[in-house]
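Numbering (my numbering), first residue to last: 132 to 356.
Below is one structure; the comments refer to it alone.
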Ligand SMILES: [Cu+2]
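In structure tokens, the structure reads:
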């Protein structure tokens, strides 16, 4: 037994050494794994940082968009409309501004036959002479009857007649109470394609359908941005 004892000790020492080496290796492995997992976390953090930056920038652009939309709906906005006669010559103009729940129309024109003329907002912002039929019918988003004398009326685009002087000129301020310049509204004059101001040869009786028996269109102006 005494002879075997040193051998046993050597064997035990070798076993212990090899066990230590294994532990060190495994410790190193686990250390590497640890490093990898740290890297992964770092990447993950980086991505999440980018995402939050993207969120911030998209929030900023959204808020910019809102402020633009607000400025578009600014009540101080004025739309200028040039009125053309059947020969394509400018004979008047209108300045449209947003009032509380209406649109104020500051209108002036010359070179019109004296007398009473029908005056309406038509549904398309396109004035192609000489008949101006391109402007379509009256602006009528709620699909009701024409004229203030109609039970089921008037159209949003119906306006009072124009009284033109012997000199063939007119200057008038009126309020269109059933329309708006605010975009996105059903009754907006600035809807897609716009709308148009139209003057007729005769008076509007505010009763006949669909347009007051006002006769031919003698002038037209596009209401667009
Ligand atoms: Cu008309």
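Even glycine gets a Cβ: it sits at the ideal position worked out from N, Cα and C.
Note that the coordinates shown come from a computational prediction; the quantities given were computed from them, not determined experimentally.
- Following the DSSP letters along the chain, one finds residue 326 inside the beta strand (DSSP E) bounded by residues 326 to 331.
- Per DSSP, residue 258 lies in no beta strand (DSSP E) and is assigned neither H nor E.
- The alpha-carbon of residue 275 is positioned some 6 Å away from that of residue 284.
- Beta-bridge pairing by DSSP links residue 214 to 223.
- Distance check between residue 224 and each of 307, 260, 334 and 328 places 328 closest, using alpha-carbon atoms only.
- Taking a contact as a CB-CB distance under 8 Å, the pair residue 210 and residue 312 counts as one, their CB atoms being some 6 Å apart.
- Note on geometry: alpha-carbon atoms of residue 257 and residue 294 lie some 25 Å from one another.
- In the same chain as residue 286, and ignoring 5 residues on each side of it, the C-beta atoms closer than 6 Å to its own belong to 269, 271 and 277, in chain order.
- For residue 287, the three-state secondary structure derived from DSSP is coil.
- Under the three-state reduction of DSSP, residue 350 is assigned to strand.
- For residue 305, the enclosing beta strand (DSSP E) starts and ends at 301 to 307.
- Per DSSP, residue 240 is one residue of the beta strand (DSSP E) stretching across 234 to 240.
- In this structure, residue 331 places its C-beta atom within 8 Å of the C-beta atom of residue 348.
- Distances between the C-beta of residue 249 and the heavy atoms of ligand 1 include at least one below 7 Å.
- With contacts defined by Cβ atoms closer than 8 Å, residue 222 and residue 241 form a contacting pair.
- When the Cα atoms are used, residue 246 and residue 350 turn out to be separated by approximately 15 Å.
- Remark: C-beta atoms of residue 244 and residue 217 do not approach each other more closely than 8 Å.
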